[in-house]
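Residue numbers (the numbering used here): 78 to 469. In this text, a Cβ means the ideal position worked out from N, Cα and C, and glycines have one as well. Predicted model only: the values in this text are computed from it and were never measured. This report refers to the structure that appears directly beneath it.
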Ligand code: GLA
């Protein structure tokens, strides 16, 4: 059951839908954003990740139309955009890409669709590294799957959402964001093997502690191209190792020794990238063990280590993210912190003693403003269920 306090956005979605389209939606679906405890930039390298869905969501309300038109309305932008099912067109670099990309995937899968009205609302900050785009994609595909009785399984929908991101928005992302949004479970983190897609849930029992996201409010315009570049660098490293060890398929099969022998002499930069990924997979396995043993100090220490290496070896951090991690490290109440997601901006994830949060924020906000000229946004997040149908 969804707690009463979370009904407000659902209700306002229904009201706004009625106002916009002069009828009530047939269904409303919501899909959450995600956090990732550890295991960054490992998903597209067939490694492990440890994400969870959070209690902030994209909401999609839909109903069928009698024609082949697609009417999309986003509450945030107060704009109605109209598409034709048979002429979806190309990427527009707008919010509609996330929805049209999904429609495109469903069409390619041979799904029988007709026109529909759709309203999007969200309480997920955009570009903060909480995967608002995956939340929109998952909510959209889940809603259309239900509305048109398409019978796609959850994992099929996750894969289509990932492909839509590749094809329509041009980011060669891994599977983590959509998987976490779709498969999240309250108070559990997901240990996902991105090679086999086997996963299990691990209880996230943190007692008197809280996950705190600190948003730098930095959005890097080069983030997408740098992300794709990192992916290519990892692939290049694998290709070189494969020449000598044909059984190798990804960085998952590669040791530091192999990298030192083959990749380092060829290209020190590619060596650094690959080394980070191989070590990050090991860190994740250690963090899972620590979590199972209730050793949150160890989990925190590994988070700090991940940040350090993301900054120095993988080079996907930025000065604002580094500032936040360095600052909180001075406080014993913060067990661990690191940048989260693709990087170059967005937020840090922090494991903090709950009682110390107000004092920490009071200190951080002015310090961050002074150092960067930017405002700091703070989100205390809980771990929630994945994509779900709210009204049917
Ligand atoms: C982005 C991508 C994910 C993943 C992370 C880094 O969020 O969408 O697939 O690669 O970056 O871990």
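Residue environment analysis places residue 450 among the exposed positions, since fewer than 16 neighbouring C-beta atoms fall within 10 angstroms of its C-beta. In the DSSP secondary-structure assignment, residue 148 is bridged to 159, 194. Between the ligand GLA and the CB of residue 121, the shortest heavy atom gap is smaller than 7 Å.
Here residue 360 is near residue 115, since their CB atoms are less than 8 Å apart.
Shortest Cα-Cα distance from residue 145 to any of 468, 409, 162 involves 162. Residue 335 has its CB no nearer than 7 Å to any heavy atom of the ligand GLA. The three-state reading of DSSP puts residue 417 in coil, since its state is none of H, G, I, E or B. Under the three-state reduction of DSSP, residue 225 is assigned to coil, being neither helix nor strand. Put simply, the backbone Cα of residue 189 is about 26 Å away from that of residue 90. Taking the Cβ atoms as the reference, residue 363 lies roughly 15 Å from residue 428, outside the contact range of under 8 Å.
Checking the DSSP bridge columns, you'll see residue 270 partnered with 125. Annotation note: the segment 350-427 contains the following uninterrupted alpha helix (DSSP H) runs of length 4 or greater, listed N- to C-terminal: 373-389, 396-406.
At least one heavy atom of the ligand GLA lies closer than 7 Å to the C-beta of residue 250. Linking residue 166 to residue 213 through their CA atoms gives a straight-line distance of about 19 Å.
Note: residue 131 is bridge-paired with 460 in the DSSP secondary-structure output. If the five residues before and after residue 297 are omitted, its C-beta is found closer than 6 Å to the C-beta atoms of 421, 422, all from its own chain and listed in chain order. Residue environment: residue 371 is assigned as exposed (fewer than 16 neighbouring CB atoms within 10 Å of its CB, all protein chains considered).
With respect to the 8 Å criterion, residue 355 and residue 339 are not classified as neighbours on the basis of their beta carbons.
Inclusion of residue 367 and residue 131 in the CB contact set at 8 Å is not warranted, their separation being larger than that value. Per DSSP, residue 111 lies in no alpha helix (DSSP H) segment; the continuous beta strand (DSSP E) that holds it begins and ends at 104-113. In terms of Cβ geometry, residue 326 and residue 249 do not form a close pair [threshold 8 Å]. By the criterion of at least three beta-carbon pairs nearer than 8 Å, the segment 266-284 is not in contact with the segment 133-152.
The beta carbon of residue 158 sits closer than 7 Å to the beta carbons of 149, 173 from its chain, once the five residues preceding and following it are set aside; these are given in chain order. Rounded to whole angstroms, the gap between the alpha carbons of residue 318 and residue 357 is 19 Å. In the DSSP secondary-structure assignment, residue 199 is bridged to 135. 311 is the residue among 369, 365, 311, 321 whose C-alpha sits nearest the C-alpha of residue 344. For residue 468, the enclosing beta strand (DSSP E) starts and ends at 465-468. In the structure shown, the three-state DSSP call for residue 153 is coil. Collapsing the DSSP output to three states places residue 279 in a strand.
The beta carbon of residue 200 sits closer than 8 Å to the beta carbons of 86, 133, 134 from its chain, once the five residues preceding and following it are set aside; these are given in chain order. Between residue 293 and residue 387, the C-beta spacing is not below 8 Å.
Cβ atoms of residue 120 and residue 253 come within 8 Å of each other, at about 4 Å. In this structure, residue 122 places its C-beta atom within 8 Å of the C-beta atom of residue 328.
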